[in-house]
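K.L.:
If you scroll down you'll find the structure; I have some questions about it.
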Amino acid sequence: MEAVSIMTGTEFLAQSSLRPVALERPLFAVRGLALGNGSSALEVLVCSHHSPPAKQTLRTAWKARHAGRAAPLLLVVLYQGRAALCGPTGDDPPAHTDLDPGQVERICREALDQPDRHAALRALRDSLPSIESALPGVRNEGFLATHELVAGARSLPAWDDAHHKARSLLVQRGENLLRSLGFTLERCDQTTSILRLAPAGRKAAVAVLLRQDESPDLNTDRFSGLSPVSYAMTVAERENIDYVVVSQGPKLRLYPVRQGVGVGQRGRTETFVEVHTGLLRDDDAAFLWLLFSADALTEDGTLTHLLDESHRFAGRLAENLREII
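With the sequence shown counted from 1, adding 4 to any position gets you the numbering used here.
Take a look at the structure:
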């Protein structure tokens with residue numbers, strides 16, 4: 005694995021041009037303030053400290069800056085190659101420590117880019133609850149065995165190379181991200197595209213790019229009264245394509261088109277694996293490449309390997325259960 009660089013206070017959100025801010029008796033070394041969009045915009049206060057901060061100290065510092073104002077506030081404290089986070093709202097705001105700084109920076113950047121504080125809060129509510137989970141940024145709904153994602157994927161020979169290829173892609177979105185993952189995009193109709201493995205290569209997936217106010221699962225006029233994923237699956241069946249990819253902001257979601265492909269025995273529109281690129285830890289960037297790249301969706305690619313191992317693991321579990329019974 006390549007060496008991991010330690011993010012400093014001067015590098016964190018450097019593209020946001022942090023503003024100087026004066027605080028009375030600050031508990032941490034203040035590096036600057038980033039502002040979101042709209043009235044009473046989201047604030048991200050970036051600080052640093054020489055040691056891990058206590059959660060109560062984070063809340064005390066957060067309350068001193070917030071002071072009951074309407075503007076939501078995220079307090080970020082960088083220390084010893086890690087990050088702590090507090091906010092964005094509440095009388096007793098959530099506080100998190102021992103976080104990946106790159107992960108925290110992407111979460112902050114995504115929220116700051118929203119059109120107003122309400123959208124910023126929605127983005128944060130989508131990401132913060134799982135920030136301390138075992139695998140933040142990866143959601144598996146009956147497609148693969150979670151054990152293979154947590155343990156098996158890291159033992160793949162392709163893991164280090166996938167990490168190297170994906171690390172710089174975590175901030176990309178939409179068609180740019182899909183092209184960077186190795187696909188050629190071919191327009192199919194007004195709402196879908198075909199992802200090819202090369203300009204004249206095999207059709208790997210049907211792609212749908214959703215607007216921020218759309219849902220993969222809800223019917224909409226833009227998709228002829230169907231949900232986006234149901235519409236895309238209809239196109240995939242017609243084109244004899246195995247997968248559907250749904251792209252929405254920092255999220256990519258992969259559905260198998262054929263029934264029974266996943267290990268969870270669920271319906272087609274309920275079987276998927278999703279990566280939230282803003283929520284992935286830097287060390288977990290490989291999942292983006294292993295699950296969603298052209299290398300993943302090629303015949304005998306990394307997705308096929310993970311799926312095969314998932315079925316073997318599920319089979320072993322079922323066999324052990326029968327022995328117990």
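Quick reminder that beta carbons are idealized off the backbone N, C-alpha and C, glycines included.
Please read these numbers as outputs of a predicted model, since none were measured by experiment.
Is Ser197 helix, strand or coil when you go by DSSP?
P.N.:
If you number the sequence shown from 1, residue 197 lands on position 193. Reduced to three states, the DSSP call for Ser197 is strand.
K.L.:
Pick helix, strand or coil for Ser228, following the three-state DSSP scheme.
P.N.:
As a first step, residue 228 must be located in the sequence shown, where it is residue number 224. Of the three classes helix, strand and coil, the one that applies to Ser228 here is coil, per DSSP.
K.L.:
Could you name the residues of the same chain whose beta carbon sits closer than 7 Å to that of Gln176, not counting the 5 residues immediately before and after it, in chain order?
P.N.:
Stepping through the sequence shown from its first residue, residue 176 is reached at position 172. Answer for Gln176: Ser184, listed in chain order.
K.L.:
Which parts of the region 226-269 are runs of the alpha helix (DSSP H), unbroken and 4 residues or longer, counting only runs that do not cross its ends?
P.N.:
Counting whole runs of 4 or more residues, the region 226-269 contains the alpha helix (DSSP H) stretches 232-243.
K.L.:
Taking the DSSP output, what are the residues bridged to Val88?
P.N.:
Taking the first residue of the sequence shown as 1, we reach residue 88 at position 84. Here the sequence assigns Ala to residue 88, which means Val is not the residue at that position. Looking at the DSSP assignment, Ala88 forms a beta bridge with Val81.
K.L.:
So, for Leu148: in the same chain, excluding its five sequence neighbours on each side, which residues have a beta-carbon less than 8 Å away from its beta-carbon?
P.N.:
The sequence position of residue 148 within the sequence shown is 144, counting from 1. Only Gly266, Val267, Val277, Leu310, Leu311, Ser314 meet the Cβ criterion.
K.L.:
Could you give the distance in angstroms between the alpha-carbon of Ser299 and the alpha-carbon of Leu62?
P.N.:
Counting from one through the sequence shown, the residue named residue 299 turns up at place 295. Counting from one through the sequence shown, the residue named residue 62 turns up at place 58. Strictly speaking, residue 299 in this sequence is Asp, with Ser absent from that position. Going by the C-alpha atoms only, they are around 43 Å apart.
K.L.:
If you count every other CB in all the chains shown that lies within 10 Å of the CB of Asp95, and 16 or more means buried, which is it?
P.N.:
Counted from its first residue, the sequence shown places residue 95 at position 91. Per the 10 Å Cβ criterion, exposed.
K.L.:
Given Phe187, which residues of its chain have a CB within under 6 Å of its CB, disregarding the five upstream and five downstream residues?
P.N.:
As a working note, residue 187 is residue 183 in the sequence shown. These residues qualify, in order along the chain: Leu199, Ala298.
K.L.:
In terms of alpha-carbon separation, which member of Gly253, Pro260, Ala45 lies closest to Ala124?
P.N.:
Working through the sequence shown from its first residue, we reach residue 124 at position 120. Comparing Cα-Cα distances from Ala124 to each of Gly253, Pro260, Ala45, the minimum goes to Ala45.
K.L.:
With a threshold of 16 other CB atoms inside 10 Å of the CB of Asn180, please say whether the residue is buried or exposed.
P.N.:
Numbered from 1 along the sequence shown, position 176 holds the residue referred to as residue 180. By the 10 Å Cβ count, Asn180 comes out exposed.
K.L.:
For the pair the region 96-104 and the region 16-25, tell me if three or more CB-CB distances fall below 8 Å.
P.N.:
Segments in contact, no.
K.L.:
May I have the straight-line CA-CA distance separating Leu201 from Pro220, to the nearest angstrom?
P.N.:
As a working note, residue 201 is residue 197 in the sequence shown. As a working note, residue 220 is residue 216 in the sequence shown. Their Cα atoms are separated by approximately 24 Å.
K.L.:
Under 8 Å, with one C-beta from each stretch per pair, do the region 128-141 and the region 97-117 reach the 3-pair mark?
P.N.:
Result yes; three or more Cβ-Cβ pairs closer than 8 Å.
K.L.:
Report the partner residues of Ser52 according to the DSSP bridge assignment.
P.N.:
Residue 52 sits at position 48 when you count from the first residue of the sequence shown. BP columns for Ser52 point to Ala33, Leu82.
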